[in-house]
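Visitor: Take a look at this one; I'll ask things after.
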Amino acid sequence: MVLTKPVLSTQEFLQQAEEISESRGKRMTPIRKQVLAIIATDERCMKAYEILEAMQKDFPSSKPATVYRALEFLETEGFIHRLDALNGWTACNDLDIHGHDHNLLIVCTQCGLVAEVDAPDVSHKLQALISQTGFKQNSAQTEIRATCLKCNQQDNSN
161 MVLTKPVLST
171 QEFLQQAEEI
181 SESRGKRMTP
191 IRKQVLAIIA
201 TDERCMKAYE
211 ILEAMQKDFP
221 SSKPATVYRA
231 LEFLETEGFI
241 HRLDALNGWT
251 ACNDLDIHGH
261 DHNLLIVCTQ
271 CGLVAEVDAP
281 DVSHKLQALI
291 SQTGFKQNSA
301 QTEIRATCLK
311 CNQQDNSN
């Protein structure tokens, strides 16, 4: 199954994240909620400074450390994914499953579009291959760099 945003409306997504935070005894501060809203409204992988720039519209005194602290909280709680491929973040579509593993995150290296893919058979095969070669996977998240259909079409038309 491929999941791309939006599965929920941004408002529903934020409400669900806030309810999950409260159920865990954590607080979804206005800044955390704003960072999550910024990420949730964009299908692309967003870099910290893009998030900071958007934050400063509502919170003009926001600094990089403020954004990074919010990102750390949101990632720890499972509300966002950090994507090493593009050094950025994207919203998670399965908020109700804390500790879940997205088997694959496919990232367009041109526009930053992200698709979450539930493919346990592929993940198990990949894990077996990693083990067979004497390695240990450090993360349950596997990122695949690719080019989305829209970017492919733009490339072909040039």
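Residue numbers for the sequence shown follow our numbering, so the first one is 161 and each next one is one higher. Using N, Cα and C, we set each Cβ at its ideal position, and we do this for glycine too.
With DSSP run on the structure shown, which of helix, strand or coil describes Arg192?
Guide: As a first step, residue 192 must be located in the sequence shown, where it is residue number 32. Of the three classes helix, strand and coil, the one that applies to Arg192 here is helix, per DSSP.
Visitor: Would DSSP call Arg204 helix, strand or coil?
Guide: Residue numbering aside, residue 204 sits at position 44 when the sequence shown is read from its first letter. Strand, per DSSP.
Visitor: What are the boundary residues of the alpha helix (DSSP H) that includes Thr170?
Guide: Numbered from its first residue, the sequence shown carries residue 170 at position 10. First-last of the alpha helix (DSSP H) with Thr170: Thr170 to Ser183.
Visitor: Note the first and the last residue of the continuous alpha helix (DSSP H) segment covering Leu289.
Guide: As a working note, residue 289 is residue 129 in the sequence shown. It spans Pro280 to Gln292 - the alpha helix (DSSP H) in which Leu289 sits, taken as one unbroken run.
Visitor: How is Leu255 classed by DSSP in three states: helix, strand or coil?
Guide: Here the question's residue 255 lines up with position 95 in the sequence shown. In this structure, Leu255 counts as coil in the three-state DSSP scheme.
Visitor: Assess contact between the segment 234–253 and the segment 284–292, defined as three or more Cβ pairs (one per stretch) separated by less than 8 angstroms. Is contact present?
Guide: Because the criterion of three Cβ pairs below 8 angstroms is not met, the segment 234–253 and the segment 284–292 do not touch.
Visitor: For Leu265, which of helix, strand or coil comes out of DSSP?
Guide: Position 105 of the sequence shown, counted from the first residue, corresponds to residue 265. Looking at Leu265 - three-state DSSP - the assignment turns out to be strand.
Visitor: For the alpha helix (DSSP H) containing Leu246, list its first residue and its last residue.
Guide: The count along the sequence shown starts at 1 and reaches residue 246 at position 86. Element bounds for Leu246: n/a, residue is neither H nor E.
Visitor: Work out the CA separation of Asn316 and Cys271 for me, nearest whole Å.
Guide: As a working note, residue 271 is residue 111 in the sequence shown. As a working note, residue 316 is residue 156 in the sequence shown. Distance between the alpha carbons of Cys271 and Asn316: 15 angstroms.
Visitor: Starting from Ala300, follow the alpha helix (DSSP H) in both directions and report where the run begins and ends.
Guide: By 1-based counting over the sequence shown, the position of residue 300 is 140. That residue, Ala300, is in no alpha helix (DSSP H); it is neither H nor E in DSSP.
Visitor: Which partner residues does Ile240 have in the DSSP bridge list?
Guide: Residue mapping note: residue 240 aligns to position 80 of the sequence shown, counting from 1. Paired residue(s): Ala251.
Visitor: Roughly how many whole angstroms lie between the Cα atoms of Tyr209 and Phe295?
Guide: Residue numbering aside, residue 209 sits at position 49 when the sequence shown is read from its first letter. Residue numbering aside, residue 295 sits at position 135 when the sequence shown is read from its first letter. Their backbone Cα atoms lie some 34 angstroms apart in a straight line.
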